[in-house]
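Residues 634 to 793 in our numbering are what the sequence shown spells out, letter by letter. Note that beta-carbon positions come from the ideal geometry of N, C-alpha and C, so glycine has one too. What follows is a short report on a single structure.
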Amino acid sequence: MAKKKKIIILSCMVALLAVTAVFNYVFTGTTKSAAVQTSSASAAGYFAQYRAERLTNRNEEMLQLDSVLKAAENGSDEYSAALTMKTNLTSNTEKEMLLETLIKAYGFEDAVVVIGLDSENVNVIAKSANLSTDDAIAIYTIITEEVSVSPENVKIIPIS
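See below:
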């Protein structure tokens with residue numbers, strides 16, 4: 634039964650990746666000039682590709698942690714470590730999604746947030762042609778308030 638479930642989940646992931654590729658192709662538009670379209674397509678493609686890869690990796694990690702949890706005895710060190718790691722992974726995923734939404738609400742076209750599992754580093758990749766100091770401060774403020782991390786651990790990378 635578990636093998637069947639894994640096959641179904643992986644099949645869904647592949648289908649989701651294909652749908653993402655189709656949407657990326659459709660939404661890049663044909664009314665822009667070739668140079669602008671190529672630039673926008675590569676930036677949009679970056680964000681879509683990163684999210685798809687992140688989703689695939691997180692799902693694989695969750696499946697591995699689930700198999701460890703099933704195989705380990707309840708209360709053992711291995712079980713506790715896997716449960717803690719799964720909880721942290723789920724928490725980080727939720728925080729990343731929240732931060733991405735807040736950054737987009739601030740006015741950025743797109744953003745990707747990566748929170749380190751083993752460190753307090755937070756990397757923000759924001760789609761912005763001109764990242765001003767005010768924009769950077771707003772992103773730092775959002776990150777530090779929501780994740781309680783010091784500003785020196787936040788790295789903002791603009792992509793146009």
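Residues sharing a beta bridge with residue i, DSSP
{"i": "A759", "result": "A744 and P791"}
Distance between beta carbons of residue j and residue i, contact taken as under 8 Å
{"i": "I736", "j": "A759", "result": "6 Å"}
{"i": "I789", "j": "V745", "result": "Wrong, their Cβ atoms sit about 11 Å apart, outside the cutoff."}
Under the three-state DSSP convention, the category residue i falls into
{"i": "D751", "result": "coil"}
{"i": "A685", "result": "helix"}
{"i": "A705", "result": "coil"}
{"i": "S713", "result": "helix"}
{"i": "L764", "result": "coil"}
{"i": "S783", "result": "coil"}
Cβ-Cβ distance between residue i and residue j below 8 Å
{"i": "M695", "j": "K719", "result": "yes"}
{"i": "E779", "j": "L732", "result": "yes"}
{"i": "V701", "j": "E693", "result": "no"}
{"i": "N721", "j": "L698", "result": "no"}
{"i": "Y739", "j": "A771", "result": "yes"}
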